[in-house]
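Note sheet for the following structure.
What follows is the structure, given as C-alpha cells:
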C-alpha cells in the first residue's frame, strides 16, 4: 500500500483534526490536534482495511523555541495484517500539558506513556497507573526536555546523598570492638 | 477437632520483593509480588536501576560518535544493536551500504543472534533447574566471542558495523573458522535438544505457563520470539527486509499455544535458521568494497587518516561537527534477538540528532510481565521472566 493512503483516509474521516501530512523516506507522518486522539486511534485500530493493531512506539519530542506548541507525542503504528505503517504526531502546548491516554486501545502503551510522562512531564489523562518508570519517584525535573542540563541537576538527588551519608557512617564502625 | 484447627489459621496476603539482586531476574529487575499462598495476585515490576540517559547523550553527539552508545543497550547482543543503529542512520542519510558490507552485517548479526539466544537458553533452563545445558551454552558462546575478537578486536562491545558499511573487511581465515563453526553447530543444537526438549521436568515447568493469545500479544506490543510463540509470524527480517535478508532463504518458526514451551521451541528454531543464514551468506559472499562511496556521510578509512592530510581534516569535521543531514524524521526497526529494536530519529539538519528514541523490546516485554504472572504460581514467575528474554541494559537505557 502507498504510504500516504492511510494518512489520506484519516484526513477524510477527521478533516478538522488533521493539521499536516508529510512524507519522508517513504514514511507518512500526520500532525494532529490532541483533542480527539483516542477516537482517532480507535478508528485506525478498528477500520478493517487500515487495522493498525500494533503500537510500535510512543514517545515525546520537545521543540523548545522552534514550534508554537512545544511538545509533540509521537505514535508509530504498524499493521501486521496489511504490512503498512503510519506515524501520528499530536501537538501538546506547554500551557495545557495533557493528552488522553491510548491504553484502552493498545495495552502496550502503558509503560511507553509512563516513560513519556517521566521524561517530558506530559500528563496522560485516564492512564491507569501514571508514575515515573525509569527515574526514582522523587526525582525533580524532566530530563529529556531541551532546557534540562546535560550534566544533570545542580543539586544531587536526595536518594544518592542518603546513600553516601550511610556509607560514611558505616565506615566509622569499629568491627573489632 | 479438624474444624477447630482450621478456625485458628489466620490467612493474609503477603507482599514480597523479588530482586533487584536476584539471579533469576537477568539483571537488576525488581518485582513486588502480592501473594495469596503461592498464587500471585498482583505483580508490579520496577525498572530503571540501569538508566544512563542514552537518549539524552545521543542527542548531544554526532551520528558517528553515538554509535558506541548502542553497544551498551543490549550488552549480550551488541552487534545487533549496532546493525540496527547504522541501518536507521543510513535510512536517514539516504545512503546504501555496498553489497559485501550488507552480507557481512547479516553474518555478524546472525552470530549475535546465536550468541544471545544461547545465553538465553542456558540461563532460562538454569533458572528452572537444569545446570548442564548452561555450561555447554557458555562454551558455544565463547566460540562466537572469539570469532568477534578475531574480526574486530572486541568481544562484547564491538562497534564493528559503521554508518555506510563495516569497519574492516573480513579475512579468509575468519571465514574458514566461522564455516567450521557453522558446520558443527547443528549437531551441538541436537545435544541441547536431547537434554531439554522432551525432558519431563522441563515440560512440566513450561507447558501451559504464561499463556498469551495472538491478539493479546500484539496488543501488548510484544515482538520477536515472544510474539512468534503465540503463532504470529511477524519478523522484521521478512516484513521489511534490510541488509541481505531478502537474498537469503530462511523460515520463521512460530508456535501454537503461546506458552513458555512454545516460545522455547521458537527460539531453538531461530538458532538453526540463523545458522542456515550464516552458511548461505558465507557461500554467496560477493566481492567489492565494504564502505559506501559517500564521502559526505561516511568516515574515511583509518589508515588513510593516519597518512593523509585531506582525510584527517575530513575525519575531524565529521566527528566534531557532524554531517549535514536532510531535515526529517524516520523510524527504522530491525529484528534484534530480543524483539524489534527500533530507532526513531528527528533531524533538524545539523550533525546531531534532534531527537533519538530507542524502541527497546525488553522495555515493552517487561511491561507485559504482570499480564503473564498474575494468577499463576510464584515458581512460574521465574519461568516467565526467563521466557520473555529481557536484558535490563536495554530496558532502562
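Protein chains in written order, with the working numbering: chain A, 222 to 398; chain B, 2 to 398.
Beta carbons: idealized from backbone N, C-alpha and C, even for Gly.
Selected residue, minimal CA-CA separation from residue i, among the options
{"i": "residue 297 of chain B", "options": "B/289, B/315, B/266", "result": "B/315"}
{"i": "residue 98 of chain B", "options": "B/277, B/156, B/243, B/375", "result": "B/243"}
{"i": "residue 284 of chain B", "options": "B/181, B/21, B/318, B/155", "result": "B/181"}
{"i": "residue 317 of chain A", "options": "A/304, A/334, A/346, A/295", "result": "A/346"}
{"i": "residue 351 of chain A", "options": "A/227, A/336, A/381, A/303", "result": "A/336"}
{"i": "residue 388 of chain B", "options": "B/330, B/331, B/229", "result": "B/229"}
{"i": "residue 349 of chain B", "options": "B/14, B/64, B/78, B/375", "result": "B/64"}
{"i": "residue 244 of chain A", "options": "A/388, A/278, A/225", "result": "A/225"}
{"i": "residue 1 of chain B", "options": "B/76, B/49, B/66, B/370", "result": "Because chain B here runs from 2 to 398, residue 1 of chain B falls outside it and cannot be looked at."}
{"i": "residue 90 of chain B", "options": "B/71, B/104, B/269, B/77", "result": "B/71"}
{"i": "residue 256 of chain A", "options": "A/397, A/328, A/329, A/311", "result": "A/311"}
{"i": "residue 94 of chain B", "options": "B/86, B/101, B/100", "result": "B/86"}
{"i": "residue 170 of chain B", "options": "B/303, B/267, B/17", "result": "B/303"}
{"i": "residue 372 of chain B", "options": "B/398, B/234, B/217", "result": "B/217"}
{"i": "residue 335 of chain B", "options": "B/287, B/322, B/245", "result": "B/245"}
{"i": "residue 341 of chain A", "options": "A/376, A/236, A/324, A/320", "result": "A/320"}
{"i": "residue 1 of chain B", "options": "B/34, B/51, B/81", "result": "The displayed coordinates of chain B run from 2 to 398. Any statement about residue 1 of chain B would go beyond what the structure contains."}
{"i": "residue 121 of chain B", "options": "B/295, B/391, B/396", "result": "B/391"}
{"i": "residue 265 of chain A", "options": "A/393, A/237, A/309", "result": "A/309"}
{"i": "residue 324 of chain A", "options": "A/278, A/393, A/372", "result": "A/278"}
{"i": "residue 159 of chain B", "options": "B/204, B/268, B/80", "result": "B/80"}
{"i": "residue 352 of chain B", "options": "B/43, B/111, B/62, B/92", "result": "B/62"}
{"i": "residue 126 of chain B", "options": "B/15, B/264, B/51", "result": "B/264"}
Contact list for residue i against chain B, beta-carbon separation under 8 Å
{"i": "residue 355 of chain A", "result": "48, 49, 52, 397, 398"}
{"i": "residue 308 of chain A", "result": "330, 332"}
Residues sharing a beta bridge with residue i, DSSP
{"i": "residue 243 of chain A", "result": "A/250"}
{"i": "residue 235 of chain A", "result": "Partner(s): none; residue 235 of chain A has no beta bridge."}
{"i": "residue 405 of chain B", "result": "The first residue shown for chain B is 2 and the last is 398, placing residue 405 of chain B beyond what the model contains."}
{"i": "residue 276 of chain A", "result": "A/298"}
{"i": "residue 17 of chain B", "result": "B/34"}
{"i": "residue 312 of chain A", "result": "A/293"}
{"i": "residue 46 of chain B", "result": "B/32"}
{"i": "residue 344 of chain A", "result": "A/319"}
{"i": "residue 331 of chain B", "result": "B/346"}
{"i": "residue 162 of chain B", "result": "B/167"}
{"i": "residue 293 of chain B", "result": "According to DSSP, which records beta bridges pairwise, residue 293 of chain B is partnered with nothing at all."}
{"i": "residue 40 of chain B", "result": "B/37, B/378"}
{"i": "residue 307 of chain A", "result": "A/298"}
{"i": "residue 124 of chain B", "result": "Answer is none; residue 124 of chain B lacks a bridge partner."}
{"i": "residue 132 of chain B", "result": "In the DSSP output, where bridge partners are listed per residue, residue 132 of chain B has none listed."}
{"i": "residue 337 of chain B", "result": "B/340"}
C-beta atoms of residue i and residue j nearer than 8 Å
{"i": "residue 109 of chain B", "j": "residue 299 of chain B", "result": "no"}
{"i": "residue 405 of chain B", "j": "residue 362 of chain B", "result": "Summary: the structure shown does not reach residue 405 of chain B, with chain B confined to residues 2 through 398, and so no result is reported for it."}
{"i": "residue 292 of chain A", "j": "residue 343 of chain A", "result": "yes"}
{"i": "residue 347 of chain B", "j": "residue 252 of chain A", "result": "no"}
{"i": "residue 207 of chain B", "j": "residue 128 of chain B", "result": "no"}
{"i": "residue 142 of chain B", "j": "residue 119 of chain B", "result": "yes"}
{"i": "residue 41 of chain B", "j": "residue 382 of chain B", "result": "yes"}
{"i": "residue 249 of chain B", "j": "residue 282 of chain B", "result": "yes"}
{"i": "residue 226 of chain B", "j": "residue 257 of chain B", "result": "no"}
{"i": "residue 20 of chain B", "j": "residue 36 of chain B", "result": "no"}
{"i": "residue 166 of chain B", "j": "residue 292 of chain B", "result": "yes"}
{"i": "residue 374 of chain A", "j": "residue 395 of chain A", "result": "no"}
{"i": "residue 383 of chain A", "j": "residue 356 of chain A", "result": "no"}
{"i": "residue 228 of chain A", "j": "residue 333 of chain A", "result": "no"}
{"i": "residue 345 of chain B", "j": "residue 363 of chain A", "result": "no"}
{"i": "residue 214 of chain B", "j": "residue 329 of chain A", "result": "no"}
{"i": "residue 48 of chain B", "j": "residue 393 of chain B", "result": "yes"}
{"i": "residue 123 of chain B", "j": "residue 354 of chain B", "result": "no"}
{"i": "residue 271 of chain B", "j": "residue 114 of chain B", "result": "yes"}
{"i": "residue 84 of chain B", "j": "residue 106 of chain B", "result": "yes"}
{"i": "residue 230 of chain A", "j": "residue 242 of chain A", "result": "no"}
{"i": "residue 359 of chain B", "j": "residue 150 of chain B", "result": "no"}
Interface residues of chain B facing residue i [CB-CB closer than 7 Å]
{"i": "residue 263 of chain A", "result": "What residue 263 of chain A touches in chain B: nothing, since even the nearest Cβ is about 13 Å away."}
{"i": "residue 301 of chain A", "result": "219, 233, 235"}
Within chain A, partners of residue i - CB distance below 9 Å
{"i": "residue 368 of chain B", "result": "328, 329, 331, 332, 333, 335, 354"}
Contacts of residue i in chain B (Cβ-Cβ under 9 Å)
{"i": "residue 304 of chain A", "result": "240, 241"}
{"i": "residue 274 of chain A", "result": "216, 219, 220"}
Partners in chain A for residue i, counting only beta-carbon separations shorter than 7 Å
{"i": "residue 360 of chain B", "result": "277, 278"}
{"i": "residue 364 of chain B", "result": "332"}
{"i": "residue 164 of chain B", "result": "In chain order: nothing, as chain A lies at least about 16 Å away."}
Chain-ordered neighbours of residue i on chain A, where CB pairs are closer than 8 Å
{"i": "residue 331 of chain B", "result": "245, 246, 248"}
Q) Pairing CB atoms from the stretch 366-385 of chain A with CB atoms from the stretch 279-295 of chain A, are three or more of them under 8 Å? A) yes
Q: Decide if the stretch 275-290 of chain B is in contact with the stretch 302-311 of chain B; the criterion is three or more beta carbon pairs, one per stretch, under 8 Å apart.
A: no
Q) For the 8 Å Cβ check, are there 3 or more pairs between the stretch 183-191 of chain B and the stretch 216-226 of chain B? A) no
Q: Evaluate contact between the stretch 325-334 of chain B and the stretch 197-206 of chain B, counting only Cβ atoms and requiring at least three cross-stretch pairs below 8 Å.
A: no
Q) Taking contact to mean at least 3 C-beta pairs separated by less than 8 Å, is the stretch 295-305 of chain A in contact with the stretch 265-275 of chain A? A) yes
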